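**Student:**
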Amino acid sequence: MDANKDHRRRLSTVKKWEKLLNCELEYDLNGDEVIRLSLQFISTDSAVSEQELIYILYLKDGSPKVEFLSIETGENSNAVGLKKCITDAFTRVGITNSYKHLLGVNLDGANVNLGAYAGLGALLKEGSPWLEVVHCFNHRLELALKDAFESLSAFKTVDELLLQLYYLYQKSPKRYRELQGLAEAWGNSVPKPTNACGTRWIDRKYKAMKIALENYGVFMTHIEPLAITDSQIAKRAELKGFLKRWKNASVPINLSIYLDVLSPLWRLSLSFQNNIHDSVKAVSRVQEFTWTMAKLQILLENLLDNFLDDTSVMTHYKRLSKDIRPDLDKMSSNRSCVNHHDVFCYICGENILKENRKKVSDFLKRAYLAYFGVRLGDQDKTWAPHQACKTCAEHLQQWKKKKYEIRHANGLERTTKPFQ
């Protein structure tokens with residue numbers, strides 16, 4: 039009931055603003071200096087009842103203007119009901135025969151709008167045969183992008199993680215306060231994760247991924263204790279599973295690539311949401327977008343790291359690679375201690391190649407060294423951990439089988455040394 043009251047209150051406020059705007063709009067649409075061109079932008083929002091938002095595009099003093107016309111509550115959501123909403127909206131501003139002034143209609147891709155025979159566009163064409171029915175560019179762009187990413191499992195995983203991250207903090211203000219406190223301790227601020235789905239799909243997806251990528255470490259640091267301290271056992275198990283997926287190194291890489299692919303689409307979508315449009319600029323934006331996507335395709339089809347430069351369009355991936363490059367270099371230098379040929383056997387101290395190394399028990403190795411009093415040698419040498427040369431490894435196994443008693447720990451006299 040409270041939700042219904044809140045919805046009616048907001049709807050009443052919108053209606054009041056509608057009356058104020060219609061006073062000026064009625065003068066513009068009925069003035070002698072105005073060329074009566076109109077274009078309806080129809081969008082549907084379902085809360086308690088179906089609502090139709092109607093915008094019009096018309097010329098005033100030779101300049102195109104986009105204005106909010108009306109919000110209508112349709113009797114039903116079929117094409118006939120939508121057509122009646124448009125007629126009522128024009129009647130309210132003094133235009134009784136709207137078909138004479140209607141040149142085009144811009145609709146989303148729903149069947150009720152674009153149906154070839156019984157859709158809203160087809161019904162409007164009965165009164166205005168010259169009418170141009172246009173499928174909304176931004177809706178087409180979002181549908182095309184959704185279809186392109188739908189078959190990619192990596193991006194599906196990203197979407198699932200973004201949705202889980204959103205619900206994790208959306209349903210718990212306490213968790214978000216803890217997250218903010220953690221970010222402040224690091225000298226940063228973390229915006230609340232947003233829902234990556236819904237209306238304005240590209241804009242929502244872009245913002246949600248940008249928040250997740252820029253605050254990736256903060257989220258991980260906060261989720262780790264939650265997976266241990268949460269009072270609900272089922273929730274702890276859920277958080278542990280989410281944390282395991284979140285720690286996967288492919289997640290930030292896919293996020294950065296996803297953002298770089300989405301950035302030109304996001305800019306193009308926003309540019310077509312402006313109230314003032316220039317047809318020449320619109321064409322140039324589409325051409326620029328086409329070239330950007332072609333360059334992205336070349337980068338993604340080849341080795342990214344070899345093609346990135348200061349002018350690269352892969353800005354998010356480039357930034358991520360710069361952040362993790364020092365860590366990767368450090369890891370590779372540590373790994374070289376094992377892979378490089380300048381590694382020394384713990385037993386004999388000889389340089390051993392990778393193919394001549396053999397894994398041995400650390401306890402057995404140290405017991406052998408202690409028994410025979412072998413000195414490990416220079417501290418600056420790189421000793422192979424848990425490894426020895428093949429010859430020493432075979433000696434260790436023989437010594438273990440003969441079960442020589444190690445007495446030097448008890449101060450007793452040593453037995454005869456083997457291998458003499």
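Remember, the numbering used here sits 38 above the position in the sequence shown when you count from 1. Ideal Cβ placement from N, Cα and C applies to all residues, glycine included. It should be emphasised that the depicted structure is a prediction, and the values quoted were computed from it without experimental measurement.
Since A287 sits in a beta bridge, which residues does DSSP pair it with?
**Tutor:** By 1-based counting over the sequence shown, the position of residue 287 is 249. BP columns for A287 are empty, so no partner.
**Student:** Buried or exposed: D99, going by 16 or more other Cβ atoms within 10 Å of its Cβ?
**Tutor:** Locating residue 99 in the sequence shown gives position 61, where the first residue counts as 1. With fewer than 16 Cβ atoms within 10 Å of its Cβ, D99 is classed as exposed.
**Student:** Can you tell me where the alpha helix (DSSP H) with E222 in it begins and where it stops?
**Tutor:** By one-based count along the sequence shown, residue 222 stands at place 184. Element bounds for E222: 211-223.
**Student:** Are the stretch 178-198 and the stretch 262-281 touching, with three or more C-beta to C-beta distances below 8 Å?
**Tutor:** no
**Student:** With 16 other CB atoms within 10 Å as the buried threshold, where does C430 fall?
**Tutor:** Residue 430 sits at position 392 when you count from the first residue of the sequence shown. C430 comes out buried.
**Student:** Quick one: using the 10 Å Cβ neighbour count with 16 as the cut-off for buried, is A223 buried or exposed?
**Tutor:** Within the sequence shown, numbered from 1, the residue matching residue 223 stands at position 185. Answer is exposed; the Cβ neighbour count stays below 16.
**Student:** Taking the continuous beta strand (DSSP E) assigned at H173, which residues delimit it?
**Tutor:** On the sequence shown, residue 173 is found 135 positions in, with the first residue counted as 1. 170-173 is the extent of the beta strand (DSSP E) around H173.
**Student:** Assign N144 to one of three DSSP states: helix, strand, or coil.
**Tutor:** The sequence position of residue 144 within the sequence shown is 106, counting from 1. Strand, per DSSP.
**Student:** Buried or exposed for D185, going by 16 or more other Cβ atoms inside 10 Å?
**Tutor:** On the sequence shown, position 147 is the one that residue 185 refers to. Exposed, since its Cβ has fewer than 16 Cβ neighbours within 10 Å.
**Student:** Exposed or buried, what is L158 when buried is set at 16 or more other beta-carbons lying within 10 Å of its beta-carbon?
**Tutor:** Counting from one through the sequence shown, the residue named residue 158 turns up at place 120. L158 comes out buried.
**Student:** Can you find the residues in the same chain that come closer than 6 Å, C-beta to C-beta, to L264, ignoring five residues on each side of it along the sequence?
**Tutor:** Position 226 of the sequence shown, counted from the start, is the residue given in the question as residue 264. Cβ neighbours of L264 beyond the five flanking positions: L277.
**Student:** What is the rounded straight-line gap between the Cα of R242 and the Cα of A234?
**Tutor:** Stepping through the sequence shown from its first residue, residue 242 is reached at position 204. Stepping through the sequence shown from its first residue, residue 234 is reached at position 196. Whole-angstrom Cα-Cα distance: 5 Å.
**Student:** Does the beta-carbon of E90 have 16 or more other beta-carbons within 10 angstroms, so that it is buried, or is it exposed?
**Tutor:** Along the sequence shown, one-based indexing puts residue 90 at 52. E90 is buried by the Cβ-count criterion.
**Student:** Determine contact between the stretch 148-165 and the stretch 281-288, defined as no fewer than three beta-carbon pairs at a distance below 8 Å.
**Tutor:** no
**Student:** Which term fits E180, buried or exposed, when burial requires 16 or more other beta carbons within 10 angstroms of its beta carbon?
**Tutor:** Sequence index remark: in the sequence shown, residue 180 carries index 142 (1-based). By the neighbour-count criterion, in which a residue is buried when 16 or more other Cβ atoms sit within 10 angstroms of its Cβ, E180 is buried.
**Student:** Cβ atoms of E110 and S124: under 9 Å apart, would you say?
**Tutor:** Locating residue 124 in the sequence shown gives position 86, where the first residue counts as 1. Locating residue 110 in the sequence shown gives position 72, where the first residue counts as 1. Looking at the sequence provided, one finds Ile at residue 124 rather than Ser. Yes. Within cutoff.
**Student:** Are the CB atoms of G147 and L169 nearer to each other than 9 Å?
**Tutor:** Mapped onto the sequence shown, residue 147 falls at position 109. Mapped onto the sequence shown, residue 169 falls at position 131. No, Cβ-Cβ distance for G147 and L169 is not below 9 Å.
**Student:** Do I92 and V104 have their beta-carbon atoms positioned less than 9 Å apart in this structure?
**Tutor:** As a position in the sequence shown, residue 104 is number 66, starting the count at 1. As a position in the sequence shown, residue 92 is number 54, starting the count at 1. No, the pair does not count as a contact, with Cβ atoms beyond the cut-off.
**Student:** Report buried or exposed for A32, applying the criterion of at least 16 other Cβ atoms within 10 angstroms of its Cβ.
**Tutor:** This structure cannot speak to residue 32, because the chain is shown only from 39 to 458.
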